[in-house]
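Numbering (the working numbering), first residue to last: 2 to 339.
(1) According to DSSP, is residue 250 helix, strand or coil?
(2) With which residues is residue 115 paired in a DSSP beta bridge?
(3) DSSP three-state call for residue 37: helix, strand or coil?
(4) In the structure shown, what three-state DSSP assignment does residue 288 receive?
(5) Nearest by alpha-carbon distance to residue 226: which of 62, 193, 57 and 279 is it?
(6) Tell me the rounded alpha-carbon separation between residue 230 and residue 125.
(7) In this structure, does DSSP put residue 146 in helix, strand or coil?
(8) With a threshold of 6 Å on Cβ separation, who are the neighbours of residue 177 within its own chain once the five nearest residues in sequence on each side are excluded?
(9) Residue 265 by DSSP, collapsed to three states: which one?
(10) If distances are taken between C-alpha atoms only, which option among 129, 89 and 224 comes closest to residue 108?
(11) Determine the extent of the beta strand (DSSP E) in which residue 283 is found, giving its start and end residues.
(12) Please state whether DSSP places residue 58 in a helix, a strand or coil.
(13) For the candidate residues 234, 245, 289 and 315, whose alpha-carbon lies nearest to that of residue 275?
(14) Secondary structure at residue 105, three-state DSSP: helix, strand or coil?
(15) Would you check if the distance between the CB atom of residue 127 and the CB atom of residue 213 is smaller than 8 Å?
(16) Take residue 320 and list the residues in its own chain whose beta-carbon comes closer than 8 Å to its own, dropping the five residues that flank it on each side.
(17) Cα separation between residue 188 and residue 217?
(18) Report yes if the CB atom of residue 287 is closer than 8 Å to the CB atom of residue 193, and no otherwise.
(19) Between the C-alpha atoms of residue 56 and residue 64, what's the straight-line distance to the nearest angstrom?
(20) Return helix, strand or coil for residue 273, following the three-state DSSP convention.
(21) Just tell me which of 210, 86 and 190 has its CA closest to the CA of residue 96.
(22) What three-state label does DSSP hand residue 1 in the structure shown?
(23) Please confirm whether residue 101 and residue 84 have their CB atoms less than 8 Å apart.
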């Protein structure tokens, strides 16, 4: 077998050889190995280097790729609609105002509310001109629960009592409040609120329609005007006597219907009630408590009713009408827990 000359398999830069190795360029009869060691002249072609690209060639390739690329993404600050992403959708039939077209994009228009556990953003979902149902628009509220680096629910142990994970590892992480466990809790709150809204919406309670949930994000109906002005909270109002009486009637009916389905709000106050064109809307429901199965359920209910009755009485409601003990007993009777 013929022996290979290994010198020919290397990327040899002959111009780097020392001048003492130069041979007379006129010696045409010199051996090939000697001619290779000859110093390269300025007119000689540049050696080819395997596996490397010059800066000029690299720039040309980048330009060609950029020219060939087609940018079919949404404008900066937007995202494609998440309607087809894995995750739960709200109860069917879907409301007529909801945009479900996959050609739609979501545009974010700032923060509606900040809280200890989550922030709420205003989203407009719309179909651009020339795509799908062009011109279709709807406003959504995007509630995003905080990550493990931020404070999660205060007193969440009481609300989570009775909720168990099917995976032992996940349950242990939740109980030990590891970073992984706290992230799981954040996702649990998003799923819990989505499930609560879905159930209560189906039961006919005055709650925002739950559009979908994605991890720690919950998309729901925006409660407010068409120009993005959020409905005020009950705590912001100073209602006249007639309006106060009507709001009390709505609240009473909502709490009784909530009890009929076996639940208490769990964190009810004048800050968790919206008033939209005179209609009372319950919000912030991730901690919905089962008044029968949760050992602290009845205590949560009593606290809810006492707090909201005090608000109405302080605004001029007759204490005999807004009696906390009587309303609590009525709700418990509806829940079958009296």
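Each residue gets a CB set at the ideal place from its N, CA and C atoms; glycine is no exception.
Taking the coordinates as given:
(1) Three-state result, residue 250: helix.
(2) Per DSSP, 120.
(3) Below a pLDDT of 50, predicted positions are generally treated as unreliable, and residue 37, at 49, falls in that range; no measurement from the model is reported.
(4) For residue 288, the three-state secondary structure derived from DSSP is coil.
(5) Just measuring C-alpha positions, the residue of 62, 193, 57 and 279 sitting nearest residue 226 is 279.
(6) Roughly 13 Å between the two C-alpha positions.
(7) Three-state DSSP puts residue 146 in a strand.
(8) Confidence at residue 177 is low in this model, with a pLDDT of 49, below 50, so its placement is unreliable and no value can be given for it.
(9) In this structure, DSSP gives residue 265 an extended state, which the three-state scheme calls strand.
(10) Among 129, 89 and 224, the Cα nearest to that of residue 108 belongs to 129.
(11) Here the beta strand (DSSP E) through residue 283 covers 280 to 283.
(12) Correct three-state label for residue 58: helix.
(13) Nearest to residue 275 by C-alpha distance, out of 234, 245, 289 and 315, is 234.
(14) In the three-state DSSP reduction, residue 105 falls in the coil class, being neither helix nor strand.
(15) No, they are not a contact pair.
(16) These residues qualify, in order along the chain: 314.
(17) Rounded to the nearest angstrom, the two C-alpha atoms are 5 Å apart.
(18) Yes; because the gap between Cβ atoms is below 8 Å, this pair is in contact.
(19) It is roughly 12 Å from the alpha-carbon of residue 56 to the alpha-carbon of residue 64.
(20) Helix at residue 273.
(21) Out of 210, 86 and 190, 210 has the C-alpha closest to the C-alpha of residue 96.
(22) Because the chain in this structure spans residues 2 to 339, residue 1 falls outside the shown range and cannot be described.
(23) Yes, the Cβ-Cβ distance between residue 101 and residue 84 is below 8 Å.
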